[in-house]
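In case it helps, UniProt numbering puts the sequence shown at residues 1 to 1185. Note that beta-carbon positions come from the ideal geometry of N, C-alpha and C, so glycine has one too. As the structure is a prediction and not an experimental result, all values here were calculated from the model.
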Amino acid sequence: ARTPQEQILTAAFAEILGLPNIAADDNFFDLGGHSLLATRLISRIRTALGVEIPLRAIFEAPTVTQLARRLADHAGELRPAPEPVARPQALPLSYAQERLWFLNQLEGPSATYNMAFALRLTGDLHRQTLQDALNDITARHESLRTVFRRTDGQPGQHILDPDQAQITLHIQHIDENRLREQLNRAAQYEFDLSQQVPLHARLFTISPTESVLMLIVHHIAADGWSMAPLARDLISAYTARLTDTTPDWPHLPVQYADYTLWQRDLLGDDTDPDSPFSRQYTYWAEQLAGLPEQVTIPTDRPRPTTTSNAGDTVAFSLNGGLHRSLAELARATDTTVFMVLQASMAALMTRLGAGTDIPIGSPIAGRTDENLDDLVGFFVNTLVLRTDTSDSPTFTDLLGQVRRTTLAGYTHQDVPFQYLVEKLNPHRSAAHHPLFQVMLALQNNEQADFQLPGMHVSPEPTPTGTARFDLFITVGEERGEDGAPVGINGFIEFATDLYDRMTIEVLAERWARLLRAMVDDPQLPVDQVEILAPAERRHILGAWNDTAAEVPSATLPDLFQAQTIRTPEATAVVFDGVELSYTELNIRANRLAHLLISRGAGPEHSVALVLERSVEMVVALLAVTKTGAAYLPVDPEYPADRIAHLLEDGAPALVLTTTATAGIAPTSAVILDSPDLIQELSGLPDSDPVDAERIHPLRPANPAYVIYTSGSTGQPKGVAVPHSGIVNRLAWMQSEYGIGAGDRVLQKTPFGFDVSVWEFFWPLLEGGTLVLARPGEHKDPNRLAELIQRERITIAHFVPSMLQVFLHEPAAAGCIGLRAVLCSGEALSADLRNRFTDVLDVPLHNLYGPTEASVDVTAWASRESDTGASVPIGRPVWNTRVYVLDATLQPVPPGVPGELYLAGVQLARGYLKRPGLSAERFVADPFGEPGERMYRTGDVVRWNAEGVLVYLGRADDQVKIRGFRIELGEVEAALAAHHDVAHAAVIAREEQPGDTRLVAYVVPDTATDDGALASTEQVEGWRELYDSLYDRSPAPLGEDFAGWDSSYTGEAIPLEEMQEWRSATVERIRSYAPQRVLEIGVGSGLLMAPLAQDVESYWGTDLSQAVVTRLTGQITDRGWEHVQVRCQSADDFTDLPTGYFDTIVINSVAQYFPDHHYLTSVLTQALELLTENGRIILGDIRHLG
1 ARTPQEQILT AAFAEILGLP NIAADDNFFD LGGHSLLATR LISRIRTALG VEIPLRAIFE
61 APTVTQLARR LADHAGELRP APEPVARPQA LPLSYAQERL WFLNQLEGPS ATYNMAFALR
121 LTGDLHRQTL QDALNDITAR HESLRTVFRR TDGQPGQHIL DPDQAQITLH IQHIDENRLR
181 EQLNRAAQYE FDLSQQVPLH ARLFTISPTE SVLMLIVHHI AADGWSMAPL ARDLISAYTA
241 RLTDTTPDWP HLPVQYADYT LWQRDLLGDD TDPDSPFSRQ YTYWAEQLAG LPEQVTIPTD
301 RPRPTTTSNA GDTVAFSLNG GLHRSLAELA RATDTTVFMV LQASMAALMT RLGAGTDIPI
361 GSPIAGRTDE NLDDLVGFFV NTLVLRTDTS DSPTFTDLLG QVRRTTLAGY THQDVPFQYL
421 VEKLNPHRSA AHHPLFQVML ALQNNEQADF QLPGMHVSPE PTPTGTARFD LFITVGEERG
481 EDGAPVGING FIEFATDLYD RMTIEVLAER WARLLRAMVD DPQLPVDQVE ILAPAERRHI
541 LGAWNDTAAE VPSATLPDLF QAQTIRTPEA TAVVFDGVEL SYTELNIRAN RLAHLLISRG
601 AGPEHSVALV LERSVEMVVA LLAVTKTGAA YLPVDPEYPA DRIAHLLEDG APALVLTTTA
661 TAGIAPTSAV ILDSPDLIQE LSGLPDSDPV DAERIHPLRP ANPAYVIYTS GSTGQPKGVA
721 VPHSGIVNRL AWMQSEYGIG AGDRVLQKTP FGFDVSVWEF FWPLLEGGTL VLARPGEHKD
781 PNRLAELIQR ERITIAHFVP SMLQVFLHEP AAAGCIGLRA VLCSGEALSA DLRNRFTDVL
841 DVPLHNLYGP TEASVDVTAW ASRESDTGAS VPIGRPVWNT RVYVLDATLQ PVPPGVPGEL
901 YLAGVQLARG YLKRPGLSAE RFVADPFGEP GERMYRTGDV VRWNAEGVLV YLGRADDQVK
961 IRGFRIELGE VEAALAAHHD VAHAAVIARE EQPGDTRLVA YVVPDTATDD GALASTEQVE
1021 GWRELYDSLY DRSPAPLGED FAGWDSSYTG EAIPLEEMQE WRSATVERIR SYAPQRVLEI
1081 GVGSGLLMAP LAQDVESYWG TDLSQAVVTR LTGQITDRGW EHVQVRCQSA DDFTDLPTGY
1141 FDTIVINSVA QYFPDHHYLT SVLTQALELL TENGRIILGD IRHLG
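Below is the structure:
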């Protein structure tokens, strides 16, 4: 037989669940239970058994049998029940009311917190009876006849007598076709809470037997639960008044004012650390620490500085099959349907770019005692349920976390939300809700039934046209007579300041898709769920990348030479009063090309140009491409260290310069304007070079140029771009913008910046005129405007920061000959676009692309209707594909931020001599044909609904300033290299719109002592010594034994002994059969010369720039493409590939290290570069102390 306790629990379970009977082993939640019903069950147990159990106990022991066993664990002091108490003269607001009162004071009267519902009444309605019944309700519920006024500066409840709070039923006769308009207008009713009771009633009569009753209650006086008792009381009052009697209601145990005082007494003083208030607050302070300021789904429009609270709603439904599956999943994971919905919404928000720290608001009924069940009032509190979706949890894992978080929140549910906001003090903004911006509510209250006697009553939709949050998602479970799930209906209230209706409709579809995936495979990680519909995925990957176009298989010289034939006498180049026709330019380029070919320039080699902007620069560019070599631009304005790095790392076959820049270039450079060279050129052929004359045939796949971009580890990296890529880019450009003989294109971009490539070649391939700005002229907006006007420029390019400066120049408005201005290199702001259209009536085009993809890959014709803070970067150019992907390389939906990946013909080959970095950034294209690659840009973008890309920012520390890519890490590395700097941090700061500058913060190295300085000075001393030693006429590779002196006598070691020493060392290293070798301290190449010819890859480093320069030339002469040398000290491992080498040689150099700390540093870093079974060979270690 069951115990008395079990019998009482069984009755309580059945009553709360609305079932005639249940078994002792029936699961409360399997029968339709949820957190709200569990709260009511706790209240019933408190009343019937005198036991206070926590909500968690119902989840942990959800059957009568299980719960009965746990009652004894919770015997003790009961929470006191609310009861009528003496009212103080100043009656405070409840905690829940305080927030709504504050918002009402802040915003003024508004409909934001209206609860409006309309009922269509068909039949014989007694209007006076209805009005009397409404007044009966206000008399019964003090909350409906309460106004809110200040007393001594503090807000309080002022309860009016029933005769002072009479409700007037406002009657209006309207046509049916105007009903919707009138209901929408009525729902916007604005309460003056200090003067008006919070209930307003209107009756719209359509015919003698058809009318619509609209009741509007301010949320400060009622909540969702209140609707059921309000309906019951209205029916009772109306029924009684029909018979001229007063309603015979059961007595209300308490009024809302009693609850207010009971609530404050129950929680205690927030200044008492032992009070329930303080204990619960401590939980929330820890739980919400470090909460993100804004977490929402991507918006269609920028967030306004002050929300208008304008809103709309979208309805949605989940079918019975999915509902049943969700219920089964909840049962299997000991959760509830609400917890499943909340976990899925957190997962969806993460997948839509909201991040992995997801706070979602959740209303909780707040009626924790039976005495409150039949009251109309505002008891709801708001919980902030925080979900961590990082580390790719499975749905099952996520549900476990959500269960723990939700139950803990329920346990600490009494702390008012407004109090949390005040105490936690998050960043306040009139633009968004504090602590969370998305709310999810499961409407599991008793359904309000307004069936008046003699009438047929049906609900009418009554949107208020407002939104309290970015998104307020309300769902309700539908169950059959047997309690089985039959579907979920809901609606999403959304802020129209931020979202379009279509966005929210699609959101509901994505949620349903994710829920189906969740129940199909609960073990699936949330980041692997496909949230795109199949057709949508095909559209994004296919239709938006449908860029196929026919482009000739040609090289830059092919196309220039063809244009020369078409327009031989047309003006090709103009510079500072000098003009060259196409024929003249071609002849000069041909002669120089023949010279360069004779000196070793050709395909798969590069030729460095250390030149200022000039006619010679254009001739050199064309000549180098005609040889088949790639041109490597070296801007004379670069710092000396950067120039040295480019020339060392780029290892050009030749260096071209002029007398103006010869002092910067190596002494071996070819001086283009020297009299001797001019004389030599005059005797060379002026014909176009052909493959038979080149050292190798020229193909479109050969590199056309090598441009260096910023490197995150401290050194720039070279990008090799083939002819096929830049030819495609220029062919698209011609099709899009179409220049001809009448166009004059301004070339002002420094030629180390890839925009210069199209400035140089586009006009020369299409019969236009290339106009060069003088050196430095591009920096002066006044001189630039004068140049544009004087030279009748029709096409010009600006980086946005320079465009902003240019537009402030009064002379800019006179540049009326321009027919197009192209922008790229930085984000183009809407403000700058607007400023441009105010000054110039010229089309403005925004282009985007990295050096690694042939200059530009997307383009957009700017228009004033573009929304957002920046102008879109557009759609992909010909034969180019763009992907916006998440961290798992899956396409993201429109509107969702993701990283931009590029694919197609315009991709560069990779990074020069950086196989590791190339493999990291140029990865396999999972959406293309086998073997195709895609480039990871590091840029964060999103698609808009039309398939246009919008730039959002960087995913890393790279910035662009005045069009130049800058890796903050490169600047930080340079600062940190100073011996007095311990740490350095660099940020890009925009003090004024469009004026971005780098700001560095450094921590002095206070630990630097005389010993450390001495070590640094010792290494620098060795560097100077070896620079002087090797800066002389070189011996053949591997035969320079000069400088090897005895440590004991100081005299030169005999050559025979040195050769014997070298042979023994080489044989020892060969015995390990090395294939990928790094030699630290390569010197003159004594070991490298005999070893390199037998290995797959040989890298060498040395601290002497002189020796590295010499070795580079000797390596090139031997054609050893698998060998590379770098100038860096032994403890500098910058850009050396991790886990790559099977052998690292440190031979006869360790004795020159300053101390054991230096040696330890070298060995520790070297270990990181070894393969799993690799080795470090230390040889010839001597002590020189």
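Is it buried or exposed, residue i, if we count other Cβ atoms within 10 angstroms and call 16 or more buried?
i	result
H1157	exposed
V771	buried
L106	exposed
I816	exposed
N846	buried
L764	buried
H323	buried
D124	exposed
Q1114	buried
N782	exposed
L1013	Residue placement at L1013 cannot be trusted, given a pLDDT of 45 that sits under 50; what the coordinates show is reported in the next sentence. Answer is exposed; the Cβ neighbour count stays below 16.
Q89	exposed
T246	exposed
K423	exposed
Which of the three DSSP states, helix, strand or coil, is assigned to residue i?
i	result
W762	helix
S317	strand
T1143	strand
K423	helix
P788	For the record, residue 788 in the displayed sequence is Ile; it is not Pro. Of the three classes helix, strand and coil, the one that applies to I788 here is helix, per DSSP.
Y410	helix
R863	coil
A572	strand
Y281	helix
S1071	coil
N381	strand
Y499	coil
W544	helix
A608	strand
For the beta strand (DSSP E) containing residue i, list its first residue and its last residue.
i	result
E493	P485 to A495
H200	L199 to S207
S1097	S1097 to D1102
Since residue i and residue j should fall inside the 8 angstroms C-beta cutoff, what is the C-beta to C-beta distance between them, to a whole number of angstroms?
i	j	result
L37	I16	5 angstroms
T495	D470	Position check: residue 495 holds Ala in this sequence, whereas Thr was assumed. 5 angstroms between Cβ atoms; contact.
L900	F922	At roughly 14 angstroms, the Cβ-Cβ gap does not stay under 8 angstroms, so L900 and F922 are not in contact.
W943	P894	4 angstroms
A111	T474	About 18 angstroms; that fails the 8 angstroms criterion.
Y281	D270	7 angstroms
Would you kindly report the start and end of the unbroken alpha helix (DSSP H) that includes residue i?
i	result
Y259	Y256 to L267
L67	V64 to R70
R833	A830 to V839
P915	P915 to R921
E98	Y95 to E107
D939	First-last for D939: R933 to W943, but that is the beta strand (DSSP E), not the alpha helix (DSSP H).
F59	L55 to E60
K626	V615 to T627
Quick check: the stretch 697-707 against the stretch 546-557, are there 3 or more CB pairs under 8 angstroms?
-> yes
Three CB pairs or more closer than 8 angstroms across the stretch 131-150 and the stretch 198-215 | yes
contact_flag[the stretch 819-826, the stretch 771-786] where n(CB pairs < 8 angstroms) is 3 or more | no
Does the stretch 405-418 come close enough to the stretch 443-450 to have 3 or more Cβ pairs within less than 8 angstroms?
-> no
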